[in-house]
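A short worksheet on the structure shown next.
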Amino acid sequence: MELFQTILDILVSAAFWTAVLRIATPYILGTLGELLCERAGVLNLGIEGIMTMGAMAGWMAVYQGADLWTGVLVAALCGGLMGLLHATLTVPLGLSQHVAGIGVTLLGTSLSYFVYRLVLPQASTPPTIEPFQPLALPGALAQTPMTYLALILVAVVAYVLYRTPVGLAVRMVGENPAAAEAQGLSVTAVRIGAVVAGSALMALAGAFLTLSAFNAFFFNMVNGRGWICIALVVFASWRPGKALLGAVLFAAFDALQLRLQQVAGGVLPYQLFLMMPYLLSILALVLVARRASYPRALMIPYRKGER
Amino acid sequence: MRLEPREHTPLAARLLAPVAAVAAALALCALLVAWTGAPVLRAYGLLLEGAAGSRFALTETLTRATPLILTGLAAAVAFRAKLWNIGAEGQLYMGALAAVVLGGGMLDLPTWLLLPTVMMAGAAAGGATLLGPAVLKVRFGVDEVVTTLLLNFIVLLLVSMLLEGALKDPMGMGWPQSAPVVEAAELPKLVERTRLHTGLLVALGLSALLWLIDTRTIWGYENRAVGANPRAAAFAGMPVTRVMLRTALLSGGLAGLAGVIEVCGLKGYLTLDLSPGFGYSGIVVAMLAQLHPVGVVGAAVFIAGIFVGADAMSRAMPVPNYIADVLVATSLLCMLVAGLLTRYRLRRG
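Those sequence lines, one after another, are chains A and B. Using our numbering, the letters of the first sequence correspond one by one to residues 292 to 598. Using our numbering, the letters of the second sequence correspond one by one to residues 328 to 676.
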């Protein structure tokens, strides 16, 4: 009963919902990016590395003197480039999307660490930048501009996917590439475009961590967030609106476990609380797996004239 | 330009593919080394020297290769059956956990009994860790890539919890580490006054054994058939689900064994930095070996050499040792392309 009261107190506080939106932002951006790739039929396991790359590149640009929005742009560009690499391997070459994605993650992560160490060889305490500040708005609305950007992007992606010819093309190459080809679309071009755009969004998720949530780059700072995004895409049945809902729901649980950790600290080991997000993701996957409607051509490479 | 399937892949092409991939990776990473301002040839020279230039360097490389052979086999076995086990890292830690629990003085047995017991337990722990995602896959259709990846984080948190709690070494000066395993649970050294231990022989033996199973038994035949085409295998009356679960136990077991061998052969106790990503590097090892159990040995020694050599190189030059991870990742991507070129040829038009 006491626990129930504690949870209730947490849930009605404005500070809690401010935290929820903040925690949700990288998940919103990452899930949106992965969703775009998968809607076009390409699984992008490079997400974890691309997020790391975005976090490092965006931070590094600002550290070198660029302003914050230039940093965001640099991150998106780097993410797009990594996406181009993944797309080249998996779309025209038709290589295993699993293994290519793992390769992109390994490359993105190691390259980020390499560059960071090269520029800052002796940084024992990570140098900091002046990050985005929350807007002066009341209650849970006091978010940094990147959170608002993420929310706008949900609407943009949803609009493009369902209301424009480009979106129709993306969904078509993910469902039935042969039919798309018959309509005169280039399956290769559409898929590459979707993966590049999706990867740029993933990099924004990473950049949020170093330019908004924190003010420095740490090793292992992405910490599995990319993998959770992949689970969230399945949970959202590949729909942007549901992805937003899933990310916020997930962030609410995450914020709740953080608060409970403070309340119940000392009684239960903190690691149990930290496990919750990962366990929750697995549980969500199990719950929706039966009725998940995968894009039909997900993970199936398309070669003209081959079936 | 288009890709046209080859009818036959010459053996020479299969053998040449990893060599070409590694050469391409070295060439690409030379750009990064040049960017740091270090002389490229000298840097690669130091890397080679650090990996194989002396008796000490060689034993260090082989010590590093031992767990990589096992995680490489774990990935190869699973990928062959199209079971995407990306969770070898977590399975390795579960094996290591079993090793420090059973080998930490709980069982008072002589070495010849204790070591096999600990190894079996570690393999069982690793296998059980992968069995969960495998059951979710065959029973509920849950994608195993995400579940195995997420389990890595869960296992690491579990290990962290135990190292700060029940398994914490009271003599550990407050560090989160387990008590060391008893002497009877230590793997004997292979070469005196080096770190090389008999775990290497275990790994080599398993690689040979897996190759025999693969080529000489019905088990191996079923595994390959299910990997090549599960529906055709089911139609031919093969127990696809059972093959999947069997593969999961085997793959997870191999990764778990890697953890046991790192603890009992090298470290003696368990910390949170037992594995510098052996589970993930194992995937690269398996791909470079084209999922061949014997090829895994060569690939593991190569990857280990890169890591050991890069450490030596970065001590002498202002090149961060993360160059090793970049090289390994680039090798994986180049290997994918090289593998494709053994199966397809480029045609104009």
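Cβ atoms here follow ideal geometry from the backbone N, Cα and C, with glycine treated the same way.
For residue i: DSSP bridge partner residues
| i | result |
| --- | --- |
| Leu673 (chain B) | B:Leu330 |
| Lys516 (chain B) | B:His524 |
| Lys495 (chain B) | B:Ser505 |
Simplified DSSP assignment, three categories, for residue i
| i | result |
| --- | --- |
| Leu411 (chain A) | coil |
| Lys409 (chain B) | coil |
| Leu601 (chain B) | coil |
| Lys464 (chain B) | helix |
| Leu572 (chain B) | helix |
| Lys533 (chain A) | helix |
| Leu395 (chain B) | helix |
| Leu540 (chain A) | helix |
| Thr274 (chain A) | Because residue 274 (chain A) is not part of the residues shown, which for chain A are 292 to 598, the question remains open. |
| Asp652 (chain B) | helix |
| Asn506 (chain A) | coil |
| Thr388 (chain B) | helix |
| Val513 (chain A) | coil |
| Pro345 (chain B) | helix |
| Tyr593 (chain A) | coil |
| Leu458 (chain B) | helix |
| Phe423 (chain A) | coil |
| Ser572 (chain A) | helix |
| His335 (chain B) | coil |
| Tyr596 (chain B) | coil |
| Gln355 (chain A) | coil |
| Pro317 (chain A) | helix |
| Ser528 (chain A) | coil |
| Leu386 (chain A) | coil |
Other residues of its chain near residue i: CB distance less than 7 angstroms, five sequence neighbours each side excluded
| i | result |
| --- | --- |
| Arg462 (chain A) | Arg330 and Leu452 |
| Ala585 (chain B) | Pro394, Leu397, Thr398, Leu419, Gly422 and Phe605 |
| Leu398 (chain A) | Gly340 |
| Met590 (chain A) | Leu334 and Gln388 |
| Leu330 (chain B) | Tyr671 and Leu673 |
| Trp518 (chain A) | Glu339 |
| Val457 (chain A) | Val451 |
Supposed contact pair residue j and residue i - C-beta distance, whole angstroms, cut 8 angstroms
| i | j | result |
| --- | --- | --- |
| Ala315 (chain A) | Val539 (chain A) | 5 angstroms |
| Leu523 (chain A) | Gln434 (chain A) | Not quite, the Cβ-Cβ distance comes to about 20 angstroms (not below 8 angstroms), so this is no contact. |
| Arg408 (chain A) | Tyr371 (chain B) | About 19 angstroms separates the two Cβ atoms, so there is no contact after all. |
| Leu533 (chain B) | Leu581 (chain B) | 7 angstroms |
| Gly636 (chain B) | Leu374 (chain B) | 4 angstroms |
| Ser641 (chain B) | Ala348 (chain B) | That pair is no contact at about 23 angstroms. |
| Arg302 (chain B) | Phe562 (chain B) | Past the boundaries of the shown model lies residue 302 (chain B); chain B is included only from 328 to 676, so the question cannot be answered. |
| Val590 (chain B) | Val508 (chain B) | 6 angstroms |
| Asn479 (chain B) | Gly432 (chain B) | No, Asn479 (chain B) and Gly432 (chain B) are not in contact; Cβ-Cβ is about 29 angstroms, not under 8 angstroms. |
| Leu385 (chain B) | Pro503 (chain B) | Not quite, the Cβ-Cβ distance comes to about 33 angstroms (not below 8 angstroms), so this is no contact. |
| Leu618 (chain B) | Ala401 (chain B) | Not confirmed; about 11 angstroms, so no contact. |
| Leu355 (chain B) | Gly414 (chain B) | Actually they are not in contact, since the Cβ atoms of Leu355 (chain B) and Gly414 (chain B) sit about 29 angstroms apart, beyond 8 angstroms. |
Segment limits, alpha helix (DSSP H) that includes residue i
| i | result |
| --- | --- |
| Thr361 (chain A) | Leu359 to Thr381 |
| Tyr585 (chain A) | First-last for Tyr585 (chain A): undefined, no H or E at that position. |
| Trp502 (chain B) | Run containing Trp502 (chain B): none; DSSP gives neither H nor E here. |
| Ser608 (chain B) | Phe605 to Leu615 |
| Val445 (chain A) | Pro436 to Arg454 |
| Thr269 (chain B) | Nothing can be reported for residue 269 (chain B): it is not among the residues displayed for chain B, which extend from 328 to 676. |
| Glu471 (chain B) | Glu471 to Glu491 |
| Leu419 (chain B) | Ala415 to Gly430 |
| Val624 (chain B) | Pro620 to Ala643 |
| Glu589 (chain B) | Glu589 (chain B) -> no alpha helix (DSSP H), and no H or E assigned at all. |
| Val481 (chain A) | Val478 to Phe499 |
| Leu334 (chain A) | Here Leu334 (chain A) belongs to no alpha helix (DSSP H), and DSSP marks it neither H nor E. |
| Glu510 (chain B) | First-last for Glu510 (chain B): undefined, no H or E at that position. |
| Leu375 (chain B) | Val367 to Ala379 |
| Ala559 (chain B) | Pro557 to Phe562 |
| Gln296 (chain A) | Glu293 to Val303 |
| Ala473 (chain A) | Pro468 to Ala473 |
Chain E within 8 angstroms of residue i, Cβ atoms only
| i | result |
| --- | --- |
| Ile630 (chain B) | The structure shown contains no chain E; its protein chains are A and B. |
Proximal residues to residue i (C-beta, below 6 angstroms), its chain only, five neighbours per side dropped
| i | result |
| --- | --- |
| Ala616 (chain B) | Gly622, Val623 and Ala626 |
| Pro332 (chain B) | Tyr671 |
| Ala491 (chain A) | Ala367, Gly370 and Gly371 |
| Glu471 (chain B) | Trp411, Pro460 and Lys464 |
| Asp638 (chain B) | Asn648 |
| Ala441 (chain A) | Thr316, Ile319 and Leu320 |
| Ala643 (chain B) | Leu373 |
Residue i beta carbon near the ligand FAD (any heavy atom closer than 7 angstroms)
| i | result |
| --- | --- |
| Trp350 (chain A) | The ligand FAD is not part of the structure shown, which contains no ligands of any sort. |
8 angstroms Cβ shell around residue i - same chain, five flanking residues per side excluded
| i | result |
| --- | --- |
| Phe423 (chain A) | Leu359, Thr435, Pro436, Met437, Leu502 and Ser503 |
| Val579 (chain A) | Val525, Phe526 and Ser528 |
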